[in-house]
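Here's the structure, in C-alpha cells; my notes come after.
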Amino acid sequence: MIKVINLTKIYKTHIKQNNPFKDVFLRKYKDIVALDNVSFEIGEKESVGFIGPNGAGKTTTLKIISGILYPTSGFVLIDESTPFEKNPRFLKQIAFVMGQRNQLIWDLPATDTFELQKEIYEIPEQHYKKNVGELTDILKCSDLISKPVKTLSLGERMKMELIAGLLHRPKIVFFDEPTIGLDIFSQETIRTFIKQFQEEFKSTVILTSHYLEDVKKLSKRLIIINKGRIIYDGTLKKIIEQYSLTKRVTITLEKPANETELRAIDIPISYTFPKVVYKIKRSVLPEKIKAITQNLPFSDLSVEDETIEDIIKVFFKEQKR
Ligand SMILES: Nc1ncnc2c1ncn2[C@@H]1O[C@H](COP(=O)(O)OP(=O)(O)OP(=O)(O)O)[C@@H](O)[C@H]1O
Ligand SMILES: [Mg+2]
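For the sequence shown, position 98 matches number 98 in UniProt numbering, and the numbering has no gaps at all.
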C-alpha cells in the first residue's frame with residue numbers, strides 16, 4: 001500500500017544575471033513549484049497510469065515516492081515505512097525504470113550490468129539465473145544479453161534496461177516513460193511485457209507515459225496531474241464516457257460527391273475522394289448513419305472511437321473553463 005500525503009516540492013533554481021560577480025556572490029534564486037499538495041493512495045498489486053503534460057510533475061512524484069528525492073513538505077508511506085529513510089530492506093522491494101536514463105554499462109554486454117545488480121541487491125545465484133532466464137524468455141532476447149550494449153538498437157536496449165531493473169523481483173515498480181522514442185512495434189512489445197510482468201509477479205505498478213495506449217493496456221485507473229496538482233483520479237472508463245463526445249465515421253465513396261451533398265449529412269472534417277471523414281456526436285449517430293446510407297453511395301463505412309489523446313484534450317479544455 002502506497003500513501004502519498006500532501007506532497008509539495010519546490011525546486012530552487014539559480015537565475016543567471018550576466019554578471020560573474022553577482023552570479024557567485026549575490027546569487028538570485030527562483031522557486032519552481034513542481035508539486036503542489038499532491039495526495040493519492042495506491043493499493044497492493046494495483047496498476048495505475050500517471051499522465052499529464054510535460055513538466056506536470058510526474059517524474060518528480062515518482063522520484064519522491066521511490067526515495068531518490070526529498071519533498072519540500074508532505075510525506076510518503078509505503079507499507080508503513082517511509083522511502084526517505086533508505087532502509088535497505090525497503091529499497092530491495094522497489095524498482096524505478098526510466099525510459100530516458102541509461103543504467104547499462106555502455107561498452108560491455110548487458111549481463112555485466114545484470115551481475116552488478118545481483119551484487120547490489122544480493123540476489124542468490126540460483127534466483128539470479130532463474131530470473132534472467134525468465135525475463136529474457138518473456139522478452140525473447142536471450143541472444144542480445146551477451147552483445148555490447150552500445151551495439152544494440154534503442155528498443156533492444158530498453159529490453160536490457162527492463163531486465164536490469166526488474167531482476168530483483170521488486171514488489172513495487174515505477175515505470176517512467178518506458179516506451180519513449182520507440183517505434184510502434186517496440187512500444188507494443190514493451191507494453192505487453194509490462195502487462196505480463198505485472199500479472200505474473202503481482203507487483204504494484206505506477207506507469208507514466210505520453211502514449212495513452214500504454215495506460216489503456218496496463219491500468220484501469222488513471223491519475224492526471226497538471227502543473228503539480230492532481231486534476232483527475234478515477235477510472236479510464238469514466239473519463240472516456242464523460243469526455244468522448246463524438247465518434248469518427250469514415251466512408252469510402254463510390255463516386256465523387258459535391259459539398260452540398262456532403263454537408264447535408266454533417267460538416268466533414270476531411271474529404272479526399274474517395275474518403276470522407278465525419279466527427280459525429282454520439283447522441284445523433286444512428287440518424288446520421290441512416291442519412292448516409294440513404295443519400296451517399298459508398299463501398300465502405302467504419303465507425304471508430306476517438307483516440308484517448310483527443311478525449312484528454314477535451315478534458316483539459318473543460319478544466320480551463
Ligand atoms: N532538478 C530540477 N531543478 C529545477 N527544476 C526542476 C528540476 N526537475 C524538474 N524541475 C521542474 O519541475 C517541474 C516538474 O518536472 P517533472 O520532471 O516532474 O515533470 P514531468 O511531468 O515528469 O514532465 P515530462 O513529461 O516532461 O517528463 C518542471 O517545471 C521542471 O522544469
Ligand atoms: Mg518526466
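Each residue gets a CB set at the ideal place from its N, CA and C atoms; glycine is no exception.
For the beta strand (DSSP E) containing Met-98, name the first residue and the last one.
As a first step, residue 98 must be located in the sequence shown, where it is residue number 98. Counting along the chain, the beta strand (DSSP E) containing Met-98 begins and ends at 94 to 98.
Rounded to whole angstroms, what's the CA-CA distance from Gly-74 to Phe-40? Just pull it up for me.
Taking the sequence shown and counting its residues from 1, the one referred to as residue 74 is at position 74. Taking the sequence shown and counting its residues from 1, the one referred to as residue 40 is at position 40. Cα to Cα, Gly-74 sits roughly 12 angstroms from Phe-40.
For a quick check, are the C-beta atoms of Val-303 and Leu-285 less than 9 angstroms apart?
Counting from 1 along the sequence shown, the entry for residue 303 is found at position 303. Counting from 1 along the sequence shown, the entry for residue 285 is found at position 285. Their beta carbons are under 9 angstroms apart, which means Val-303 touches Leu-285 by this criterion.
Whole angstroms is fine: what's the gap from Gln-319's alpha carbon to Glu-309's?
Indexing the sequence shown from 1 puts residue 319 at position 319. Indexing the sequence shown from 1 puts residue 309 at position 309. Each residue's Cα considered, the two are about 15 angstroms apart.
When the Cα of Val-173 is compared with those of Gly-67, Cys-141 and Lys-237, which residue comes out closest?
Residue numbering aside, residue 173 sits at position 173 when the sequence shown is read from its first letter. The residue with the shortest Cα to Cα distance from Val-173 is Gly-67.
Which of the three DSSP states is assigned to His-127 in this structure?
Position 127 of the sequence shown holds residue 127. DSSP places His-127 in helix when its eight states are reduced to three.
Considering only heavy atoms of ligand 2 and the C-beta of each residue, which residues fall inside 7 angstroms, strictly closer?
Lys-58, Thr-59, Asp-176, Glu-177 and Thr-208
Tell me the residue span of the alpha helix (DSSP H) that contains Val-284.
For the purposes of this step, residue 284 is taken as residue 284 along the sequence shown, with counting starting at 1. No alpha helix (DSSP H) contains Val-284, which DSSP labels as neither H nor E.
Rounded to whole angstroms, how far is the Cβ of Val-48 from the Cβ of Val-4, which I believe are closer than 8 angstroms?
Locating residue 48 in the sequence shown gives position 48, counting from the first residue. Locating residue 4 in the sequence shown gives position 4, counting from the first residue. Their Cβ separation, rounded to whole angstroms, is 11 angstroms, which puts Val-48 and Val-4 out of contact at 8 angstroms.
May I ask you to list the residues that DSSP assigns as paired with Ser-302?
As a first step, residue 302 must be located in the sequence shown, where it is residue number 302. In DSSP, Ser-302 forms a bridge with Thr-250.
Given 8 angstroms as the limit, tell me if Gly-49 has its C-beta closer than that to any heavy atom belonging to ligand 1.
As a first step, residue 49 is located in the sequence shown; it is residue number 49 there, counting from the start. No, ligand 1 has no heavy atom inside 8 angstroms of this Cβ.
Any idea if Glu-241 is buried or exposed, counting beta-carbon neighbours within 10 angstroms, 16 or more meaning buried?
Counting from one through the sequence shown, the residue named residue 241 turns up at place 241. Exposed.
Got a sec? Which residues, its chain only, sit under 8 angstroms from Gln-187 by beta carbon, not counting five neighbours each side?
Taking the sequence shown and counting its residues from 1, one reaches residue 187 at position 187. Cβ neighbours of Gln-187 beyond the five flanking positions: Thr-179, Tyr-211, Glu-213 and Asp-214.
Euclidean distance between Cα positions of Lys-159 and Pro-109:
Mapped onto the sequence shown, residue 159 falls at position 159. Mapped onto the sequence shown, residue 109 falls at position 109. So the two alpha carbons sit approximately 13 angstroms from each other.
Within the continuous alpha helix (DSSP H) that includes Ile-265, where are the two ends?
To locate residue 265, count along the sequence shown from 1; it is residue 265. Element bounds for Ile-265: 259 to 265.
Taking Ile-251 and Ile-292 to be in contact with their CB atoms under 8 angstroms, please state how far apart those CB atoms are, rounded to whole angstroms.
As a first step, residue 251 must be located in the sequence shown, where it is residue number 251. As a first step, residue 292 must be located in the sequence shown, where it is residue number 292. About 6 angstroms separates the two Cβ atoms, so the contact holds.
C-alpha gap between Val-276 and Ile-289, whole angstroms:
Residue mapping note: residue 276 aligns to position 276 of the sequence shown, counting from 1. Residue mapping note: residue 289 aligns to position 289 of the sequence shown, counting from 1. Distance between the alpha carbons of Val-276 and Ile-289 is about 13 angstroms.
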